[in-house]
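Going by our numbering, the first residue of the sequence shown is number 1, and it counts up by one from there. To start, the structure itself, in structure tokens.
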Amino acid sequence: MRALVISDIHGNLHALEAVLAAAPAHDVVWNLGDVVGYGARPNEVVEVLRTLITVDVRGNHDRVSTGLTSSQGFNPVAAEAAAWTKQALTQSNLEWLKAMPKGPVAVEENVVCAHGSPLHEDHYIMSMRDAWVPLQRMELGSIAFFGHTHVQGNFSLLESDWEEEHPRFEEREAAVQQRMELRPGTRHLINPGSVGQPRDHDWRAAFALYDDADVSVTYHRVPYDVEAAQAAIRAAKLPERLAARLGTGR
Ligand code: ZN
């Protein structure tokens, strides 16, 4: 079974289409949330996801953009984008987003999908310090896919040996990939990166492919039409910062 793992699309249809076009053959799609918020194409992104065989987990932007929670705690740019998204969504797409389950959601034996952390949907796992407690609480040999930070990579624990890894790509423009074998008995927290608003200094759309037959994860980056995504944000009169940051991936 091969799963396409995507997260943090954030209403960026151009990036999502590039990911789906580049993705190797897969059986299911696991979507880790923040489908909308920031980007200018929330309805189109939801409509694409509704056609796929997905397991979905909601993100904080999905909650705020549908009115499930308030924008208190959001910075002004995020709050403005969430308010814009709420008025832009069709009733049907809004209902679909509202019904997304809270993570973690079990997708296979010893594999879960979460937005922030498997312990709390809004926690950020930025460093090994943040990863430590969730890793300790996981079963031996289990995997938790997570998003929320928009940074591709993994935190792993084998007995008392821990490791933080991020794929390193020399090539900065073309489509690239890096495969990682998951060692038996190791607990893994794995972030596929953000499809629609990467923040790891790489502008390309990020995703991962999980293969449970050879127990591997392959990290991918694919170029997409950033200028078209930026033009859509500007045309929607969303904050300029949201367009600008796509060009630099931060
Ligand atoms: Zn996000």
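We treat Cβ as the ideally placed atom computed from N, Cα and C, and that holds for glycine.
Practice item. Could you check the C-alpha separation between His148 and Arg2 for me, to the nearest Å? Key: The sequence position of residue 148 within the sequence shown is 148, counting from 1. The sequence position of residue 2 within the sequence shown is 2, counting from 1. Computed Cα separation, rounded: 22 Å.
Review point. How would you label Asn93, buried or exposed, when you count the other beta carbons within 10 angstroms and need 16 or more for buried?
Key: Here residue 93 is taken as the residue at index 93 of the sequence shown, counted from 1. Buried, because 16 or more other Cβ atoms sit within 10 Å of the Cβ of Asn93.
Check your understanding: Any heavy atom of ligand 1 closer than 7 Å to the Cβ of Gly59?
Key -> Here residue 59 refers to the residue found at position 59 when the sequence shown is read from its first residue. Indeed, a heavy atom of ligand 1 lies less than 7 Å from the Cβ.
Review point. If you measure from the CB of His120, is any heavy atom of ligand 1 nearer than 7 Å?
Key: Numbered from 1 along the sequence shown, position 120 holds the residue referred to as residue 120. Not so, every heavy atom of ligand 1 lies at least 7 Å from the Cβ.
Exercise for review: Taking His188 and Ile143 to be in contact with their CB atoms under 8 Å, please state how far apart those CB atoms are, rounded to whole angstroms.
Suggested key: For the purposes of this step, residue 188 is taken as the residue at position 188 of the sequence shown. For the purposes of this step, residue 143 is taken as the residue at position 143 of the sequence shown. So it is a contact: roughly 5 Å between Cβ atoms.
Check your understanding: So is the beta-carbon of His252 under 7 Å away from any non-hydrogen atom of ligand 1?
Key -> Within the shown structure, residues of the chain are numbered from 1 to 250, placing residue 252 beyond reach of any answer.
Review point. Measuring CB to CB, does Ala251 end up less than 8 Å from Pro239?
Key: This structure does not reach residue 251, given that the chain is present from 1 up to 250, and the question cannot be answered.
Point to revise | Gly39 beta carbon less than 8 Å from that of Ser7 | key: For the purposes of this step, residue 7 is identified with residue 7 of the sequence shown, where counting begins at 1. For the purposes of this step, residue 39 is identified with residue 39 of the sequence shown, where counting begins at 1. For Ser7 and Gly39, no; Cβs fall outside 8 Å.
Review point. What residue from His123, Asn60 and Leu89 has the CA that sits closest to Pro101's CA?
Key: In the sequence shown, the residue the question calls residue 101 occupies position 101. Minimum Cα distance to Pro101 is reached at Asn60.
Exercise for review: Reducing DSSP to helix, strand and coil, say where Glu164 ends up.
Suggested key: Taking the first residue of the sequence shown as position 1, residue 164 is located at position 164. Looking at Glu164 - three-state DSSP - the assignment turns out to be strand.
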